[in-house]
Each structure stands twice: as structure tokens, then as C-alpha cells.
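Whatever position you read off the sequence shown (first residue = 1), add 3 for our numbering.
We put the CB at the ideal spot given by N, CA and C, even for glycine.
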Amino acid sequence: MSKVLSVDLGGTKIAAALVINKKIVERAQVATPKAPEQLESVLKELLAPFMPEAQVVTVASTGIINKGILTALNPKNLGGLNHFPIQSVIENITQLPTLVINDAQAAAWSEFKLLKTPASNMAFITVSTGVGAGLVLAETLHVGPSGLSGHAGHMLSDPNGPMCGCGRKGCVESIASGTAIAAAGKAFWGDECTGQQVYQYFINGDRDAANIISCSAKSIANLIADLTISLDLDVVILGGSVGLAEGYLELVRNHLDLLPDIYKPRDIGLAQSGADAGLLGAASLYLDKSYFTVN
Ligand code: BMX
Ligand code: ZN
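Listed below in C-alpha cells is the structure:
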């Protein structure tokens with residue numbers, strides 16, 4: 004079964020692709036519906052064109068994935084959706100065996116396989132609607148007994164920071180994510196302000212936007228430092244719409260450079276598969292027989 008329909012369900016977009024020999028041969032994308040009750044019908048419409056050819060479905064999804072059920076750590080990222088039986092919903096739509104894993108965990112696997120210099124310990128960090136992470140330690144992807152492993156976006160960044168949608172104050176996600184960037188921008192540019200707009204203002208040289216983006220990058224730099232010192236990381240790979248944005252990696256590097264060397268991984272880079280890391284990661288976990296198996 005090597006024709007894989009891979010799905011990436013994120014807080015902002017849902018992508019689907021037909022993956023053959025680990026290459027995307029066809030791809031489609033829609034916005035994640037604001038109203039969670041529309042999720043099933045949106046998935047049905049997105050997946051239908053791929054179904055005749057696909058033999059198996061792999062899904063990289065935002066949220067904690069445990070036994071095929073999505074539980075949101077930060078329900079605000081999914082319009083309030085907190086509990087969604089994603090595996091059975093997609094199995095019912097496609098009538099195909101369906102395998103689901105967290106999006107950052109999936110992306111960590113494909114990016115680990117793409118590393119040019121061999122590594123033992125790697126963290127993939129996505130800075131997007133939320134902040135997610137996937138950990139590959141001793142060349143093994145860590146999912147954890149309940150799927151929670153790698154949810155490092157909810158480690159503490161600033162005890163006096165904003166309230167995070169998970170219910171804790173000052174998580175990395177509440178400062179660094181695209182959602183947090185948009186929220187900070189609203190104070191300057193009004194309620195309609197988006198994260199992309201703030202980023203564009205930063206590129207254009209606006210001082211307030213530069214401060215907001217710098218806070219985000221500093222929070223990610225400290226997260227990288229904390230993960231490196233606790234897990235002895237060789238390499239960190241950044242992904243997600245903010246992580247991949249022009250100039251962001253450089254800002255993170257600048258903040259890390261202010262710390263003692265012991266806090267720096269040997270290497271930091273951008274996801275080689277860019278925005279497709281989750282799609283390819285979920286498919287690879289099945290094709291490599293590394294995590295997913297189908298009877
Ligand atoms: C949140 C959490 C993680 C996810 C990360 C990135 C939810 C719904 N998601 O921390 O599981 O990996 O966001 O998600 O609680 P994305 O939507 O930004 O890709
Ligand atoms: Zn949080």
C-alpha cells in the first residue's frame with residue numbers, strides 16, 4: 004500500500020496530498036473552518052478527489068492525538084473544538100485505514116530523515132497558529148504513552164506573560180505563536196490585525212512590529228536553549244508559517260547568541276520540506292514502518 008493520502012490538519016489550514024514514493028504528486032488546501040461543527044463536511048469535500056487512488060490515509064493533526072482522538076491542549080486554536088474522533092471520522096469518510104499523529108511529531112520524523120549531517124537528538128519546532136514540537140531522541144520519535152510528548156509550546160516563557168488558551172499563564176505559545184503576534188498587534192493596529200500584517204510591518208521596518216516579532220523569536224530561542232540543555236540536542240529544525248518566515252530564523256539565532264554556548268544546539272535550520280513537513284512526515288511514518296502499522 005504505497006499510495007498514501009496524507010492530511011495535515013492545522014489551526015489555520017487543512018492540506019491534503021497524494022503521496023507516492025514519498026513525493027507529493029497532488030495537493031489541495033482549504034482554510035480550517037471557524038465553526039468546529041463544519042470540520043467533518045470540510046474534510047469530506049477536501050478528501051473526496053483523492054479517495055479513488057489512495058490506499059491508506061495518514062494524518063498529521065494539531066492537538067494531542069491519543070488512540071485516534073484529538074484533544075486540544077489549546078482549544079482556542081480550533082475555534083473551541085476540544086474533542087474530535089478524527090481517526091473514525093476520516094475512516095468513515097474514506098473507507099480506508101487511517102493513522103493519526105500530532106502534526107509537529109510527524110514533521111519531526113520527516114525532517115530528521117532529511118538531515119544532511121547524521122544526528123542522534125533533534126527537536127522540530129513549529130511556530131504557526133500555535134507552537135508545537137516533535138522530539139527525535141536516540142534516533143527514535145517520541146510520541147509518549149498518551150501522545151503528549153513534545154508539547155513544548157506550553158513550557159513557561161514568562162510567568163507574567165499573557166494567559167495561554169491552555170489555561171496556563173505565559174506559555175511560549177502565548178508569546179511566540181502567530182496567534183500571539185496577532186493579539187499583540189491588535190493593540191497597535193486594531194481588532195482586524197492579523198499575524199501576517201504584523202510580520203509585514205516588521206519587514207517594512209516598523210519599530211512596534213519589530214518588538215513583537217523579537218519577543219516571539221526570543222521566546223523560541225529560550226525554548227531551544229531549555230530543550231538543548233535538558234535533552235542534549237544536536238540539531239533544531241524550525242517550521243510553521245512564522246518559523247519559516249523571512250528573517251525569523253536569524254532573529255532566533257541572534258537571541259541564542261546572547262546565551263552561553265552550552266545552550267546552543269550544534270545546528271539550527273529550517274524545515275527542508277517547508278510547509279509540507281507534516282504531510283510528508285505522517286506519510287513517512289507509515290512508509291518507513293516507524294510508528295504506524297496497518298494490519
Ligand atoms: C498547540 C497544540 C499542539 C500543536 C501546536 C501547533 C492544540 C489544538 N494544538 O500547541 O498539539 O502541535 O499547537 O499546531 O492544542 P498548529 O495548528 O499551529 O500547527
Ligand atoms: Zn499553554
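Where does Phe295 fall in DSSP's three states?
coil
From the DSSP output, which residues share a beta bridge with Val201?
Its beta-bridge partners do not exist; DSSP assigns none.
Euclidean distance between Cα positions of Gly243 and Asp270:
18 Å
Report all residues from its chain with a CB closer than 6 Å to the CB of Ala183; omit the five preceding and five following residues, and keep chain order.
Ser177
Sort Ala63, Gly83, Gln90 and Thr74 by Cα distance to Ala38 and report the nearest one.
Gly83
According to DSSP, simplified to helix, strand and coil, what is Gln98?
coil
What are the boundary residues of the alpha helix (DSSP H) that Val255 is part of?
Tyr251 to Leu259
Name the DSSP bridge partner or partners of Leu159?
Cys174
Based on the DSSP output, what are the partners of Thr129 in its beta bridges?
Gly135 and Gly242
Between which residues of its own chain and Ala122 is the CB-CB distance below 6 Å, once the five residues before and five after are set aside?
Asp237 and Val238
Could you pull out every residue in the same chain whose Cβ sits closer than 6 Å to the Cβ of Ala109, ignoring the five residues on either side in sequence?
Ala63, Gly281, Gly284 and Ala285
For the alpha helix (DSSP H) holding Asn225, just list the boundary residues, first then last.
Arg210 to Leu234
At a threshold of 7 Å, does Asn105 count as lining ligand 1 (C-beta to nearest heavy atom)?
yes
Since Leu241 and Ala278 are thought to touch, with beta carbons under 8 Å apart, how far apart are those beta carbons, to the nearest angstrom?
The Cβ separation is near 12 Å, so there is no contact.
Leaving aside the five residues before and after His145 along the sequence, list all residues of the same chain whose C-beta is less than 6 Å from its C-beta, in chain order.
Leu138 and Ser152
What does the Cβ neighbour count give for Gln90, buried or exposed, with the cut at 16 atoms within 10 Å?
buried
I'd like to know whether the C-beta atoms of Val201 and Ile223 end up nearer to each other than 8 Å.
no
Compare the beta carbon distance of Gly173 and Gly156 with 8 Å and say whether it is the shorter of the two.
no
Between the Cα of Asn95 and the Cα atoms of Lys79, Phe115, Lys47 and Ala111, which residue gives the shortest distance?
Lys47
Rounded C-alpha distance that separates Met158 from Ala228
12 Å
Jot down the residue ranges of each uninterrupted beta strand (DSSP E) in the region 8–47, minimum 3 residues, whole runs only, in chain order.
16–23 and 26–34
Where does Asp106 fall in DSSP's three states?
helix
Hey, how far is the Cα of Gln23 from the Cα of Ile68?
The identity of residue 23 in the sequence shown is Ile, whereas the question assumes Gln. Those two C-alpha atoms are separated by around 25 Å.
If we count the other Cβ atoms within 10 Å of its Cβ and call it buried at 16 or more, is His154 buried or exposed?
buried
Starting from Gly272 and walking both ways along the alpha helix (DSSP H), at which residues does that stretch end?
Counting along the chain, Gly272 falls outside any alpha helix (DSSP H), though it belongs to the beta strand (DSSP E) covering Asp270 to Leu273.
Beta carbon of Thr65: closer than 7 Å to some heavy atom of ligand 1?
yes
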